[in-house]
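Written out below as structure tokens is the structure these notes cover.
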Amino acid sequence: MSTGTAVQSSPALSAFVGRAAGHGSVLAERGIPTRRVEAWRYTPLRAFTETVWNEASALSDHDVQSLLDALALPEAESRAVFANGQEAASQTRLSENLVRSQGEAVDPLEDRFSAILNAALRQDGLSIRVPAGVAAGTLVLVSLTSGNAISTHLRHQIVLEDGASLTVFDVNAGDGRYVTNPRFDIVVGKGAQLNHVKLQREGANAGHLALVYASVDANGNYDSFTLNQGSELARHEVVATLTQAHAQVHVNGIQIVDGTRLNDLTSMIHHAAPDCGSRQTVKTVLSESGQGVFQGKILVDRVAQKTDGYQMNQALLLSEKAQINSKPELEIYADDVKCSHGATVGALDDEQLFYLRSRGVPEAEARIILVQAFLLDALDLVTDETLRDVLIRSITA
Amino acid sequence: MPAVTETRETVEKLAKSSYEWGFETDIEMDIAPKGLNEDTVRLISERKREPEWMLEWRLKAFRMWLEMKEPEWAKVSHPPIDYQDAHYFAQPKKKPGPKSLDEVDPELLKTYAKLGIPLHEQALLAGVEGAEDQKRLPVAVDAVFDSVSVATTFRKTLEEAGVIFCPISDAIREHPDLVKQYLGSVVPAADNFFAALNSAVFTDGSFVFVPKGVRCPMELSTYFRINARNTGQFERTLIIVEDGASVSYLEGCTAPQRDENQLHAAVVELIAMDDASIKYSTVQNWYPGDDEGRGGIYNFVTKRGACRGARSKISWTQVETGSAITWKYPSCVLAGEGSVGEFYSVAVTNNHQQADTGTKMIHLAPNTRSTIIAKTISAGRSDSTYRGLVRMQPKARNARNFTQCDSLLIGDQCGAHTVPYIESRNMTARIEHEATTSKISEDQLFYCRSRGLSEEDAVGLIVNGFCREVLKELPMEFAVEAQKLLQVSLEGSVG
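Chains as they are written, first to last, in the numbering used here: chain E, 1 to 397; chain Z, 1 to 495.
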């Protein structure tokens, strides 16, 4: 399959390459993908190419505090706050179970634009390690951005040693017209468990190009859930590799898209070892002129016998102008596997609406009930009740 | 058990030659020199005694082709194709019509016998004088023997019903208005690289026109054969069905064994008006190459149907077991309100075959419906991809699609891939898609074996069951052939 190399020259690209100085050569060579590049056919970056995106300047403590207050974050064992690409030290407190480390280079993923951009302009994010066997509770990791024509490119690394566990609540918010381009490198050790719950509520004019690379060892579990609910254009991209037997990966999510926004969830789950399992449920609710994109690929290597892969992707269209583009993909080279995917697209069921209305529920309320019911089984996949409640509040607000 | 006997027979036949229909007929040919340029296009047009407008149409397509690039997105790999290293025209030398079968070139008859064409039909095909009056057969055959239809049978019977069924080169001369109006209206020359190439150099194919209200009295059938060494085949098929009319068209292929890869880039256009219905069935069994994957056919085909009229229906059914590389997406453009598109497919790959096949259902109008059932079976070292698109445009109110793609893997050296694209711009449209990939379950195998079936028979039985939803859509005579083909194609893949 061709990945395409549609090079463009644009103010944005020149500015990015200029800021990257010595290490932007791959970026300069590859350019910003157009829709002719298969991975971006449904998610046009054109709107961002005319802006010169500058380095962000630091936010004052006061600004950070007021942005944080607006978020009403849950209490947790640890918290780390980044504002305009810089760590807000006064707001960060880590429990002794999280050990700061030096980020090591993992797979560069140089065929993915979000990774290339991050590699060229990378900023230090949070690099931590959870020692073997330690249950480190919850870490709230906040990225705040405020300003116009700025971009941030944080790089976080989270390593769970064998048998360790951690829940990360990854919150992205801000105001203004900006681009955030965070990258996570996640290593889940043998028998370790990482729950990664993400809330993407960037400002309505923002761009968000996130990339998560997760590698999961034997009996390890990377369990992720993403609520994509902000940004003018957002892609949450996950590349997860199951490297040893009996590893598990979950890449679940909900996208709520209104206005003229576009939210995109793209994932590649790579089964590189036998006896592993992966599960994916993604639900998208579209209203007004919202556009939803889902691209989910399951790759099963020849060695990955007894793979159990499941993928469900459903979209609910609530308006005449809404649009969904979905591409669930299976690429399978092992014969003794059980892989399936399902996809449905449609509007609210008239009969269900009629049923509720015939029992005296006003139409508007009936619609809300049905949308909530549509989302319910996806939300149930968030195992942490506190975080699930935060997400439900975000959806219903 | 008859099924077992049948399989055993097939296996025995196979033991003799690894590809039953791998033979080459030695008859006199009129061949154009190798290479492709404007002169080649002119030569083809001249040999076909085509009017000037047709030559212009070809040249325009050829010039577009020069500007185009070969597509790379399909999940197939092959050495680059040298388009200059092939003959673009080959024609059996014309002789006056023989008086009886005894006078027919024995080589030609042998070919027919190997293909299993009944004697009476052989006489018709070979152009024996008076053969047509003897008896009526329910199937009309338009044999494409290399690039020229040697004979078209039953033309008269069809003509009485008002149906035109003839080689497209005849249609260009005899029905220029119809051809001018519809040729390239579903698949324009600029549609893709191979469609442009075909438009420039197509040598033959079938033309079908069914006028208003006529139910075509018989199933129409074409045997495609690729015969001369190094001649790419560029068929062009155009089927037009007017208001309230219907037709069922069968296309079946076998090809002689040879060493060099052969390019086949056909274009098929279907047009259905109000309440019209077209059923297009294919059994494709071209030479897939030897066990190492050498020498098979490259099958890069553009097939598309336009449901132009309200309540029209186009149904594609295909059983794909042959070719080294298949690149084929029979599609439906549902432009008429309430029109229906269907795609039923079985694709089997073995040894080093590669298949990238699927369909596109483009819903443009309200209340349109489409169904996609695709069964993919990979064995040996082969790779098979289902690639499909379902698109609901803003006007497709209450449109419906149901898609089911199932893949079966036999052996641990093959690959099966599913790449569906689902695009909806209408909230009232409903799309359901499901796909599964699995191997033959041990339970099913054990059950069959415990009842005395050999492993190979058991696999055959299970595979036929796996494909049943598609096979039952085939016309009777094809269904039988298709079941045999499935079994033959999977020989040696288990045990």
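All C-beta atoms, glycine included, are put in the ideal place defined by N, C-alpha and C.
A quick note: this is a predicted structure, and the numbers were derived from the prediction, not measured.
Interface flag, residue i vs chain E, CB-CB below 8 Å
| i | result |
| --- | --- |
| Z/P420 | yes |
| Z/E292 | no |
| Z/T231 | Unreliable positioning characterises Z/T231 in this predicted model, as indicated by a pLDDT of 49, which lies under 50. The coordinate reading is nonetheless provided below. It does not; no Cβ of chain E falls within 8 Å. |
| Z/W57 | no |
| Z/S438 | yes |
| Z/Q487 | no |
Contacts around residue i, its chain only, beta-carbon distance under 8 Å, and the 5 residues preceding and following it disregarded
| i | result |
| --- | --- |
| E/S340 | G309, Y310 and Q311 |
| E/A149 | T51, V52, W53, N54, R177 and Y178 |
| E/L318 | V285, L286, S287, A347, L348, R367 and V371 |
Beta-bridge partners of residue i, as assigned by DSSP
| i | result |
| --- | --- |
| E/A135 | E/S165 |
| E/K198 | E/D170 and E/T226 |
| Z/A435 | E/H341 and Z/C405 |
| E/M268 | E/V239 and E/K297 |
| Z/C496 | A question about residue 496 of chain Z goes unanswered here, because the residues of chain Z that appear run from 1 up to 495. |
| E/P44 | Bridge partners of E/P44: none, in fact. |
| Z/C166 | Z/F207 |
| E/H208 | E/T180 and E/A234 |
Partners in chain Z for residue i, counting only beta-carbon separations shorter than 9 Å
| i | result |
| --- | --- |
| E/R367 | Going along chain Z, no residue has its Cβ under 9 Å from E/R367, so there is no contact; the nearest lies around 12 Å. |
Closer than 8 Å to chain Z by CB, residue i
| i | result |
| --- | --- |
| E/C339 | yes |
| E/Y333 | yes |
| E/T284 | no |
| E/E351 | no |
| E/A347 | yes |
| E/E237 | no |
| E/E38 | yes |
Residue i: contacting residues in chain Z (beta-carbon distance under 7 Å)
| i | result |
| --- | --- |
| E/P328 | P420 |
| E/L317 | S424 and M427 |
| E/E320 | M427 |
Own chain partners of residue i with C-beta closer than 6 Å, once the 5 adjacent residues on each side are dropped
| i | result |
| --- | --- |
| E/Q193 | S165 and N221 |
| E/K297 | M268 and E329 |
| E/V142 | V81 and V171 |
| Z/N198 | F234, A265 and V267 |
| Z/G327 | In the sequence on display, residue 327 of chain Z carries Trp and not Gly. The answer, listed in chain order, is A74, F300 and D356. |
| E/L211 | S114, A115, R183 and E237 |
| Z/S246 | R215 and S277 |
| Z/Q404 | I373 and E434 |
| E/V99 | R129 |
| Z/R304 | V186, V187 and S331 |
| Z/S345 | Q318 and A374 |
| E/Q86 | A58 |
Within chain E, the residues that residue i reaches when beta carbons sit closer than 7 Å
| i | result |
| --- | --- |
| Z/R425 | Q323 |
| Z/I410 | D335 |
Closer than 8 Å at the beta carbon, the chain Z residues around residue i
| i | result |
| --- | --- |
| E/R344 | Here residue 344 of chain E is Thr; the residue named in the question, Arg, does not match the sequence. Neighbours of E/T344 on chain Z, chain order: R430, I431, E432 and H433. |
Partner residues on chain E for residue i, Cβ-Cβ distance less than 8 Å
| i | result |
| --- | --- |
| Z/A416 | L330 and I332 |
Contact list for residue i against chain E, beta-carbon separation under 9 Å
| i | result |
| --- | --- |
| Z/W327 | By Cβ distance, chain E contributes nothing, its closest Cβ being about 13 Å from Z/W327, past 9 Å. |
**Item:** Contact set between the region 269 to 303 of chain E and chain Z, restricted to residues whose Cβ is under 7 Å from the partner
**Value:** Residues passing the 7 Å Cβ filter: R302.
**Request:** Scan the region 59 to 73 of chain Z for residues whose Cβ lies nearer than 7 Å to a Cβ of chain E and list them as they occur along the chain.
**Result:** Answer set for the region 59 to 73 of chain Z: E72 and W73.
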